[in-house]
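One structure below.
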Amino acid sequence: MAADRLRAVLWDLDGTLIDSQPLWDEAFRSRCRALGGRPTPEAVAAIRGVSIRRVHELIAATGATSGPEDPATAQVFAAMVADVGAAVRADPPLLPGAREATSAAADAGLVQVIVTQSPRGIVEAVARALDDVFAALVTGDDVASGKPSPAPYAAAVQRLGLGPRECVVVEDSAAGVASARSNDLRVIQVGGAKVFPADPGITVVGDLTAVVPYLSPGSAPRGAVG
């Protein structure tokens, strides 16, 4: 069991610690419309949980710009980031239990990292709202491929210099769980039905407060392989 001693918690951001999706939806709609784009409900839904590159493609697809490589596309995205960042700084949309769970991990002496596809400016604002308990931030600006690619969680583990059995991931989405499990990381999935029912490396809990009992150095989620 010593080899499985928990040393780090890798947190997903949106849908796990915060709910900024309504802010992103509105920023996408308003910024695309300002340039004559037509952001359909399907296009708005498609920006959720995807890479920055994919958001550029979706901006262009609304007709707001001539293509993903058009400099205007990057300007639209930068304006979206500014809009969301301002809203997050003014009133961080923390999900219930986020402060309690991250504080519990800090009290237990665990290293904490946020692993997300959101831009760094947004992530830094959330980190400040949660008392800067995070040792590192792996953001959409840091990796070429977003979740479900293995890259985001691989970057986090490499940065910490820990083995996968010394870490646990807290996630809410199928893409995030897939990214974590492809790195052989144990996962606590918050909410919903277990995304991969046959996978023993995933433990499902109802909300963030239910994560707290797992956040001690000697703990490991039930069902985790090891």
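The sequence shown begins at 122 in our numbering and counts up one residue at a time.
Cβ coordinates follow ideal geometry from the N, Cα and C atoms, glycine included.
Bear in mind that the values here come from a model prediction, so they are computed numbers and not experimental data.
Measuring alpha carbon to alpha carbon, tell me which of Asn304, Val289, Ala296, Ser300 ends up nearest Thr324.
-> Counted from its first residue, the sequence shown places residue 324 at position 203. The shortest Cα separation from Thr324 among Asn304, Val289, Ala296, Ser300 belongs to Val289.
Which one of Pro160, Gln238, Phe149, Val165 has the shortest CA to CA distance from Phe198?
-> Looking up residue 198 in the sequence shown gives position 77. Nearest C-alpha to Phe198: Phe149.
Where does Gln135 fall in DSSP's three states?
-> Along the sequence shown, one-based indexing puts residue 135 at 14. In the sequence as presented, Gln is not what sits at residue 135; that position holds Asp. Here Asp135 sits in strand by DSSP.
Tell me whether the beta-carbon of Gly261 lies closer than 8 Å to the beta-carbon of Gln279.
-> As a working mapping, residue 261 is identified with position 140 in the sequence shown. As a working mapping, residue 279 is identified with position 158 in the sequence shown. It is not a contact, given that the beta carbons lie outside the stated cut-off.
Local conformation of Val171 per DSSP, three classes | Translated into positions along the sequence shown, residue 171 becomes position 50. The answer is coil: DSSP assigns Val171 none of H, G, I, E or B.
Using the C-alpha atoms, what's the distance from Val298 back to Pro265?
-> Residue numbering aside, residue 265 sits at position 144 when the sequence shown is read from its first letter. Residue numbering aside, residue 298 sits at position 177 when the sequence shown is read from its first letter. In the sequence as presented, Pro is not what sits at residue 265; that position holds Ala. Computed Cα separation, rounded: 18 Å.
Val332 to Gly218, Cα distance in whole Å?
-> Numbered from its first residue, the sequence shown carries residue 332 at position 211. Numbered from its first residue, the sequence shown carries residue 218 at position 97. Looking at the backbone, the Cα of Val332 and that of Gly218 are separated by about 9 Å.
For Pro240 and Asp146, the rounded distance between their alpha carbons = One-based indexing of the sequence shown puts residue 146 at position 25. One-based indexing of the sequence shown puts residue 240 at position 119. Each residue's Cα considered, the two are about 15 Å apart.
Taking the beta strand (DSSP E) that Ala265 falls in, what are its first and last residues?
-> Residue numbering aside, residue 265 sits at position 144 when the sequence shown is read from its first letter. It is not in any beta strand (DSSP E) - Ala265 carries neither H nor E in the DSSP assignment.
Alpha helix (DSSP H) runs contained entirely in the region 255 to 317, provided each spans 4 or more residues | 272 to 281, 295 to 302
Check Thr223 in the structure and name its three-state DSSP category.
-> Residue 223 sits at position 102 when you count from the first residue of the sequence shown. In the structure shown, the three-state DSSP call for Thr223 is helix.
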